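The structure appears right after this line, and notes come after that.
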Amino acid sequence: MYIVAQIRPIGDRVVVKPAAKEEVTRSGIVIPDTAKEKPQEGVVIAVGNGRLLDNGDRAAIDVHTGDRVLFAKYGGTEFKLDGEEYLVLKENDILAIVG
Amino acid sequence: MYIVAQIRPIGDRVVVKPAAKEEVTRSGIVIPDTAKEKPQEGVVIAVGNGRLLDNGDRAAIDVHTGDRVLFAKYGGTEFKLDGEEYLVLKENDILAIVG
Amino acid sequence: MYIVAQIRPIGDRVVVKPAAKEEVTRSGIVIPDTAKEKPQEGVVIAVGNGRLLDNGDRAAIDVHTGDRVLFAKYGGTEFKLDGEEYLVLKENDILAIVG
Amino acid sequence: MYIVAQIRPIGDRVVVKPAAKEEVTRSGIVIPDTAKEKPQEGVVIAVGNGRLLDNGDRAAIDVHTGDRVLFAKYGGTEFKLDGEEYLVLKENDILAIVG
Amino acid sequence: MYIVAQIRPIGDRVVVKPAAKEEVTRSGIVIPDTAKEKPQEGVVIAVGNGRLLDNGDRAAIDVHTGDRVLFAKYGGTEFKLDGEEYLVLKENDILAIVG
Amino acid sequence: MYIVAQIRPIGDRVVVKPAAKEEVTRSGIVIPDTAKEKPQEGVVIAVGNGRLLDNGDRAAIDVHTGDRVLFAKYGGTEFKLDGEEYLVLKENDILAIVG
Amino acid sequence: MYIVAQIRPIGDRVVVKPAAKEEVTRSGIVIPDTAKEKPQEGVVIAVGNGRLLDNGDRAAIDVHTGDRVLFAKYGGTEFKLDGEEYLVLKENDILAIVG
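Residue numbers (the working numbering), protein chains in the order written: chain H, 164 to 262; chain G, 164 to 262; chain X, 164 to 262; chain P, 164 to 262; chain S, 164 to 262; chain Z, 164 to 262; chain B, 164 to 262.
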C-alpha cells in the first residue's frame, strides 16, 4: 500500500479504500437494502494527525491503517490514484471497525 | 455473542440488536402507536471507547454490553452480520436502560 | 413506584409520568388554552446521572424522583410500561417544580 | 406572593407575572405599537438556581423576586395558578430591570 | 439622563437612545441609502454588567454611558419612557464608537 | 487619516476604506469576474481591541491600521464619514494582507 | 514564488494556486467525474498564523508553502495576481497532502 507515502490526510481525516462489491462478504457484514441510512465497508489507507483540541494538542485518531471499517455512505470526498478509487473521510464518519 | 469480537464501534457509538416484535414484552415496555416520536427497544452488543473530551480524555460510555435499552427510533445506521440486523447508534440516542 | 427499578434514564434525561387530566388541579396549576406554547404537568419517576461536563464530571440533575413538575409539551419520547404512559425527557425540558 | 413557595423554576429560568394593561404606566415604560419586536413588562415571582457552567458551578441569576422587568414578548411558557396568569422565561429573555 | 436610574439592562445588553434624523450630522457620520445592511447612530444610556463567562465572571461591556455609537439597524427591542424612544441592544450589535 | 480619532470599532471589528476601482492595481491583485465568491480590496483605517476570550482576555486583532487587505465582499456594514465610504467588518471577514 | 511576500493570509487561511488541468497527473491523483463532492488539486503558496485558540494561542497550520494538496472544491475565495488565479481557503478545506 504505497499510497500511504503518497497521501497524508489533514487533521481528523482518514483515507479509505471502499470495498468492491465482491469483497463485502469477507467480514460477514451485509448492508440491507432498506430506507434507512446505509453504511459502506472499506479499508483505512492513511490517517491524519487528529483533531486539534482547544488546548492546542492533537487527539490521536482511533482507527489505524489497515483497519476494515464501516463508514457513513453520505460522507467523504472521492478521488482516484493510479486507477483506484479512494475516499477522504472525517474520523467521525467512521462508525465501527469490523472483522 | 461473538459479534463483540467482530465489531468495535468508534468513539461514542454503540451497536444495538433491535428487539424482534415478539420480544418486546420481556421488559414490559410497550411503545404506543401515537403521533409523538416513538422509541425502540434492543440489546447493547458492543460499545465504543467514548466521546473525546476537550482535554483529550475519553468519557466512558454509560451503557454496557448486554444492557436492554430504549433508543430513539430515527437514529442510527443499519447493517447485517450473519443474517442478523444490527444498528450503530450514538450513545446520545440511547434514552434509558430498562428491565 | 417500582418502575424506578425497571428503567434508568441515560445522562441528562428524566422519566416523567404525565398527570391525568383530573389530577391537574392538585398543585393548583391550570394550563390556559391559548396560542402560546403550553406546558404539561407530571411526576418525576426516575432521573439519569446527569449531563457530562467538559471536564469529564457529571452534573447532578436538579429534579428528584417524586417531584411534581411542569415540562415543555413538545419535548420527550413516549412509552408504556404495565399499561401506564410515561415520557423520557431531557432535564432541560423541565420548566419548574410545582406544589 | 405565596406562589414562591409553590413553584421553583429549573436552572436559568424565572417565573414572571405579566403586567396587566393598566399597570404598564407605573414604571413609565410605554411599548410602541410598531413593526419591531416589542417587549412586555412584568414582575419576577421566582428565580431558578442559575445556568450550569462548564466547571459544574451554577451562575447566579441576575434578577430577583420582586424586580419589575422588560422581557422579550415571544419568549416563555404560559401557565395559570389560582386564576392568575404567569410565564416561565429563560433569564436570557429578560431585557432589563425597570423602575 | 435620569433614565439611568430607571432602567438597568441585563447581562451583555445596553440601552441606546437612537439619534433623531437632524442629529446625525453631529459626528459627521452619514448612512448611505444602498442595498447593504445599514447601521444607525445613537447614544448609550445604560449598560448591563456584561456577558457571563464560562468561569463565572462577567466580561465588562466595552461601551459606556454617553458614548455615541453606530449599531446594527436590525437589532434590538424598542420601548418608550416618558415619551422618548429607546432600544435595548446586545453589546454585540454595537459596531463602533464615533465622534 | 484623522478618522482614526473619530471612530473606534468594538471587539473584533475593523474599519476598512474600500479601494476605488482605479486603485485596485496597486497591489497587483485583480478580482476575476466569475461565479465564485469574490473578495474586495481596501485599507484598514481602525481596529477594535479584539474578540473576548472565554478567560476574559481580549485576543489582539491580526491586522493593523494602514494594512492593505482582501476581505469577503458579502460582509460588513457601510457608512459615510465626510463624504467617504467606509465598512465596519469582523476581523474574520479579512482574508489576507496584500502588497 | 514571490507572491509569498505579497500576500499573507489571516488566521487559519491558506493561499493555494489551483493546478491547471494538465498538471493534475503529476501526483497521479485523478478526480472522477461522478455525482459526489469532488476535490481539486493545487499547491500551497502562503499560510496564515493559525486559528486562535480559546487560551489566546495560535494553532500552527498543518500544511506548508509548497505542499501539493487536495482541497474541497466548493470552498475558498478566488483572486488574480499578475495574471495568475489563486484561492484563499480555510485550513479545514484542505483534505490531504499528496505526492
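Ideal placement from N, C-alpha and C gives every residue a C-beta, glycine not left out.
If you're wondering where the values come from, they're calculated on a predicted model, not measured in any experiment.
ARG176 (chain S) and LYS253 (chain S) do touch by the CB rule: their CB atoms are close to 6 Å apart, below 8 Å. Its Cα nearest to that of PRO202 (chain S), the residue Z:VAL251 stands out among Z:ASN212, Z:ASP230, Z:ILE173, Z:VAL251. Residue pairing by DSSP leaves LEU258 (chain S) without any beta bridge partner. Sorting H:ARG214, H:ASP230, H:ILE224 by C-alpha distance to the C-alpha of ALA223 (chain B) places H:ARG214 at the top. Within chain B, GLN169 have C-beta atoms less than 7 Å from the C-beta of GLY262 (chain Z), given in sequence order. If you draw a straight line from the Cα of THR228 (chain S) to the Cα of VAL178 (chain H), it comes to about 56 Å.
Taking C-beta separations shorter than 6 Å and ignoring five residues to either side along the sequence, the partners of ALA259 (chain P) in its chain run LEU233, following chain order. Taking a Cβ-Cβ cut-off of 8 Å, the neighbours of ASN218 (chain G) in chain H comprise LEU216, ASN218, given in sequence order.
Contact of ARG176 (chain P) with chain X is assigned, a C-beta pair being separated by under 8 Å. Contacts between THR228 (chain P) and chain X, judged by CB atoms closer than 8 Å, are missing: the closest CB pair is about 14 Å apart.
By the Cβ-count criterion, GLU204 (chain G) is buried, with 16 or more other Cβ atoms from all chains shown falling within 10 Å of its own Cβ. The bridge partners DSSP lists for GLN203 (chain Z) are Z:PHE234. Using a Cβ-Cβ cut-off of 8 Å, ILE257 (chain B) is close to ILE173 of chain H, given in chain order. For THR240 (chain H), the uninterrupted beta strand (DSSP E) segment begins and ends at 240-244. For ILE173 (chain S), there is no enclosing beta strand (DSSP E), as DSSP gives it neither H nor E. Under the criterion of beta carbons closer than 8 Å, GLU241 (chain Z) and GLU248 (chain Z) qualify as touching, at roughly 6 Å. Counted as a single uninterrupted DSSP element, the stretch harbouring VAL226 (chain Z) is not any beta strand (DSSP E), since DSSP gives it neither H nor E. Within chain X, no residue has its CB atom less than 8 Å from the CB of VAL207 (chain P), the nearest being about 13 Å off. For a cut-off of 8 Å, the C-beta gap from GLY239 (chain Z) to ASP256 (chain Z) is around 6 Å, short enough to register as a contact. Under the Cβ criterion of 8 Å, PHE234 (chain Z) is not counted among the residues facing chain S. The shortest C-alpha to C-alpha distance from GLY211 (chain H) to any of H:ASP217, H:ARG221, H:GLY174, H:ALA182 is the one to H:GLY174. Residue pairing of ALA222 (chain H) in beta bridges, as defined by DSSP: H:ARG214. Contact annotation for ALA222 (chain G) against chain X: LEU215, GLY219 [CB-CB distance below 7 Å, chain order].
At a cut-off of 8 Å between beta carbons, VAL210 (chain G) makes no contact with chain H. Between the C-alpha atoms of GLY219 (chain B) and GLN169 (chain Z) there is a straight-line separation of about 29 Å. Beta bridge pairing from DSSP links ALA209 (chain P) with P:VAL178. Chain-order list of chain P residues neighbouring PRO181 (chain X): empty, with the shortest C-beta distance near 15 Å, by a criterion of under 7 Å. Ranking B:PRO172, B:ALA183, B:ARG221, B:LEU216 by CA distance to the CA of ILE208 (chain B) puts B:PRO172 first.
Note on geometry: alpha-carbon atoms of ASP217 (chain Z) and ASP230 (chain X) lie some 35 Å from one another. Taking the CA atoms as reference points, GLY262 (chain G) sits about 11 Å from VAL206 (chain G). At least one CB atom of chain B sits nearer than 8 Å to the CB of ASP225 (chain Z).
In the same chain as PRO181 (chain P), and ignoring 5 residues on each side of it, the C-beta atoms closer than 7 Å to its own belong to GLN203, GLY205, GLU248, LEU250, in chain order.
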